[in-house]
Each structure stands twice: as C-alpha cells, then as structure tokens.
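All remarks here apply to the structure that follows.
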Amino acid sequence: MKSLPIFVGMTTAALLLTGCGSSSNSTTATEEEHAHSALISQANTTALSVLEEGTAENLEDAAAANGAQLLLAANGEAAAIITAGSVQFVAAHHEEEGASEEEHELPEVSTLSVTGTNIEVANTNGHFSVLVDGATQLVPYESLEEGATPEAEDLGIGSENYPALLLEEGDELVALAFTGGNAVVYEDATPTADTKTCTSVDSAAQNEEFVVVSCAGSSFSVKLEEPATEGAEHTIEIADIANISTAVEWSTRADVFVGLGADDKFYVVEENASEALELEGGAGFAASADMCAWGIDSANADIFALTASALTVYNHEGEVQDTIVLDTTSSCDDLKMATASQAVFVIDNASQTLYEIDKEAVSYHIHGREDVSVNDVASIVSFHEIEEGDHDHSH
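Numbering of the sequence shown is given in numbering that gives the first Met the number 0, commencing with residue 0 and proceeding in unit increments.
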C-alpha cells in the first residue's frame, strides 16, 4: 500500500458554505453566493497564505521551511505547521460582526515554536502533542488563542517513539506514552501497571472517550473509566479490537474511528451497547483503487476517497453514497484535499483549480470551482467549528 496522507485533521480555514441552488455536479449563475477562506502552505516557498476567491494572500509570518504540512486541531480552531525541524502554530482569526472590508485581518502565527529532530505531532484532549528529540511536549489549544500566552509543557517521560496522549488533566495528569517497547499509562510522569506491548506504533487517534492505537499490525483501545463513587480511583481499560490484523492509519470524528489498513481496506470502529469499541460489520471494506488521499468529515465521519479523477463518498457500511467526477484527470502528486463539516476542498495544482464540494440534502456535489493563483500547494486546511459527541450511533 502506498503511503497516503490523512486529511481529517490535516485541514485549516474559516469556512462558510450556504445552501446550494442545484444538486448537480456543475455550478450555475443562479446558485447562492458562498464564501470560504482556506489556509495553505506551498512546496516552493515558506509562505503561509489564506486562499480567498482563488487568490493566495500571505500571512505576515512564514513557515520554517518550504512544503510545511498543516494539522488541524481537533476543535477546528487552530493548526500546527510542521516541517522537518520545527513545529509552529496558528489559531483561527474570528472577524467581529459588522467588520468592514478594510478591517479584515489574517491569522497570525504564534510566537511559540518547538524545534528539534524526529518531530511528530498528534491531537490529544485539547492539546497538540509534539514529540521532539524523543520527548513529548503538550501545547494547549487555548494558549494559542488571541491574547493568550502560548506555552508548551514537557511531560517529563522521555525515550518515547510516538507522541503521548493525554487521558486526563486535573489533580493529576494521566497520559498514555509509548516507550520501552510498550504503551504505558503514566500518572504525573510515574509509570503505572497499565501497559500493553507496543513495539512500533503505526498510528493512534483519540476522541472524548477512547484512544485507538494500531501497533505492529494489531489495534487496541484504551479508556479511562471514571469511578462510580466519589473518592474512588479511576480505572484504565485496555482491550484488543477484534478482526483487525493489519497496520491501520486511524482518524476520528463524531465519536467514530475510521482507518485505512495496509491491506487497502477501510475499517470503521464505534462504541457498542456494552460501552466497548467494536468493528462495524465485523470486517473492513475495500477502498477505492489508486487512492491519492482520504479523509472523513467532522459532522458524521462520512468517508471520502480521492483518486486522480474522482471523489467517492462511502457510508460506514462501505456503501458508495456519491461519486463526484473531477473536470480533468490529474496525478496524485498534484491533488491536495481538506475536509470540513460535510464539505471537501480539492486543489488540483496542475489545472490550478479549487473544487468546493459540499452536501445538499442527502448528496454531495461540486458547489463551485475557483481558479487558484498558485500551482504548488503542499497542504490545505479549513478552520471550522467542530462539535464532539453528537453522532447518532443507530444503524
């Protein structure tokens, strides 16, 4: 399986899509006006830009190097700017109601940056988790907001090979760290007996209740269970997820975990009536052949699979809901994708076209197209409000 970028969380911009006047795959002059603003990085420059009506408007500050990858915060309100030796941060800028065009402001890159080697970044419980030089630092989303003092907290664990995930932050800090060939639960930097053999992390994802980890070709869940009585100790539940025996790249939205396996299958995992995670249908389903990228939307975790010529939308049972054909066939290297709330943005660098795809009624369609002023977009993200825990689990 070729390495594919995941864009559920690698997406950043202020987004507003109004209702469409047509459910077809073409845009007509009678459709209602809509506006969006996407943050992009470029392959051949350090510039970070807001893309509005196809024109890239540079932020005052730039990325540390060309071709930065952008990771959207789980709340949709901030992004990490990731290069080989640095992580920078930017928070969404909210215009005041009634602001004039002259008062329009662009987001500002935070004064905080984390530098070092072997950098990896993940989202965890209201923070960016940054692994740098074998140690995790936690950066709270709220510290990146306008007027706040940006900060990074070293967990004090070290010798880690994947970003630690925060399970609870209160009187004590409880985190899942990956060190010494194991996944280990730490309380205030002290290891506990709650461990799971994990020699090589394929990926991990976290929602409000669970962490799901793919490790050396198998997947397991970790859950911190709050005590039933006041004053009692919490418990940690670690459980294997049945019927998954391949490396999986996991992402999560709307209380659903979706992953792409090394066997080119999608896996969907949700909480069952016993408050444990189980695989939808007991098996994965085949992904689109020759995928360039994939992602899930933040409202219902609809599954998007992008090829060089089309975007296919799957439901959680693996049924094709929509197929949106692009105007021209491109190469995977030229296509970049960002997801939002029942919306997808696809940039084709070859044709310098931005496709705005959203859902009207029950179907996705091309809401609009824009000519783009640049042809070397490396990463694109869409700031948008993300509500957690509102997914309907009925099937």
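The beta-carbon is built from N, C-alpha and C at its ideal position, and this holds for glycine as well.
Buried/exposed call for residue i, threshold 16 Cβ in 10 Å
i	result
GLY258	buried
PRO139	buried
VAL380	buried
THR135	buried
ALA361	According to the sequence shown, residue 361 is Val rather than Ala. So VAL361 ends up on the exposed side.
ALA174	buried
Inter-residue Cα distance where the pair is residue i and residue j
i	j	result
ASP296	ASP357	10 angstroms
VAL183	TYR363	42 angstroms
GLU386	ALA339	12 angstroms
GLU119	ALA309	31 angstroms
GLU395	ASN122	In the structure as shown, the chain begins at 0 and stops at 394. Residue 395 is therefore absent and cannot be evaluated.
THR148	ALA163	23 angstroms
GLU32	ILE323	Per-residue confidence for GLU32 stands at a pLDDT of 39, beneath the threshold of 50, marking its modelled position as unreliable; no derived number is given.
GLU52	SER218	42 angstroms
TYR185	ALA377	37 angstroms
SER372	SER244	44 angstroms
GLY115	VAL89	19 angstroms
ALA253	ALA337	17 angstroms
ASN181	GLU168	22 angstroms
ALA272	PHE265	23 angstroms
TYR161	ASP263	24 angstroms
ARG368	LEU325	10 angstroms
GLU316	VAL345	24 angstroms
LEU278	THR198	23 angstroms
ASP153	GLU107	24 angstroms
ASP60	GLU236	44 angstroms
ASN57	PHE127	24 angstroms
Terminal residues of the beta strand (DSSP E) in which residue i lies
i	result
TYR266	264-270
PRO149	No beta strand (DSSP E) holds PRO149; DSSP gives it neither H nor E.
MET336	334-338
PHE88	85-90
LEU50	44-51
SER109	108-114
VAL210	209-214
LEU70	68-71
SER202	200-205
ILE323	319-324
GLN341	Taken as a continuous stretch (DSSP letters only), GLN341 belongs to no beta strand (DSSP E), as it is neither H nor E.
ASN57	54-57
Contact test: residue i Cβ vs the ligand ZN heavy atom, cutoff 7 angstroms
i	result
THR189	For the ligand ZN, the structure offers nothing, since it holds no ligand at all.
Contact belief for residue i with residue j at Cβ below 8 angstroms, rounded distance in angstroms
i	j	result
ASN395	ALA282	Because the chain here runs from 0 to 394, residue 395 falls outside it and cannot be looked at.
SER40	LEU69	6 angstroms
VAL247	GLY260	5 angstroms
Are three or more beta carbon pairs between the segment 350-370 and the segment 70-89 nearer than 8 angstroms?
no
Below 8 angstroms, can you find three or more Cβ-Cβ pairs linking the segment 325-341 to the segment 278-288?
no
Kindly confirm or deny that the segment 137-153 and the segment 204-218 touch, where touching means at least three C-beta pairs closer than 8 angstroms.
no
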